[in-house]
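Presented below is the structure to which this report refers.
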Amino acid sequence: MRGMQDRTINNALLALYRAGEGLEHVEALMALRGVEKPARTHDRPLSRGRCKRLALSMLPCTSSQIADAIEETVPGITRKSAVQRAYMALVRLEARGVVRREGRVWRLAP
Numbered sequence: 000m001r002g003m004q005d006r007t008i009n010n011a012l013l014a015l016y017r018a019g020e021g022l023e024h025v026e027a028l029m030a031l032r033g034v035e036k037p038a039r040t041h042d043r044p045l046s047r048g049r050c051k052r053l054a055l056s057m058l059p060c061t062s063s064q065i066a067d068a069i070e071e072t073v074p075g076i077t078r079k080s081a082v083q084r085a086y087m088a089l090v091r092l093e094a095r096g097v098v099r100r101e102g103r104v105w106r107l108a109p
């Protein structure tokens with residue numbers, strides 16, 4: 000039988016750390032394995048599809064305005080991460096033909 004790969008174990012420890020359960024034990028194991036703690040964790044990440052629903056509810060608007068709303072929804076999220084989430088949600092909606100871009104402004108597709 001094959002053992003678990005180091006990367007798999009490290010990722011499992013990081014997931015446990017983010018979950019916040021038994022932190023003292025998880026941190027001790029991470030220290031033993033040389034795994035660094037993540038710089039920042041989100042305490043309330045957006046649920047599946049929430050960015051898309053948020054973007055659709057705000058149209059017409061810019062991706063920056065949607066990023067502002069994401070920052071309000073997820074405390075502690077970085078500006079860069081909020082902008083990236085907003086942009087990717089809009090790009091996916093554009094690929095499905097739901098929205099279109101006119102310069103910097105995103106609108107519902109006709």
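Quick note on numbering that gives the first Met the number 0: the sequence shown kicks off at 0 and runs consecutively.
Cβ coordinates follow ideal geometry from the N, Cα and C atoms, glycine included.
Small disclaimer: the values here were computed from a predicted structure and weren't measured.
Proximity test, residue i beta-carbon vs the ligand ATP heavy atom, cut-off 6 Å
i	result
T72	With respect to small molecules bound, the structure shown includes none, and the ligand ATP cannot be examined in it.
Separation of residue j from residue i, as counted between CA atoms
i	j	result
V104	K51	16 Å
V82	R106	17 Å
M87	I65	11 Å
M3	V34	16 Å
E70	C60	16 Å
R78	E23	30 Å
D5	L92	37 Å
I76	P109	33 Å
V25	Y16	6 Å
R47	K36	25 Å
A38	G102	35 Å
A18	R49	20 Å
Proximity of residue i and residue j at Cβ, strictly below 7 Å
i	j	result
S62	A94	no
Supposed contact pair residue j and residue i - C-beta distance, whole angstroms, cut 8 Å
i	j	result
L45	V73	6 Å
One or two residues paired with residue i in a DSSP bridge
i	result
E101	V104
C110	Absent from the model: residue 110. The displayed extent of the chain is 0 to 109, so no value can be given.
- Task: Would you check if there are 3 or more beta carbon pairs closer than 8 Å linking the stretch 91-103 to the stretch 46-57?
- Result: yes
- Message: With three or more beta-carbon pairs closer than 8 Å as the criterion, would you say the stretch 22-35 touches the stretch 5-12?
- Response: yes
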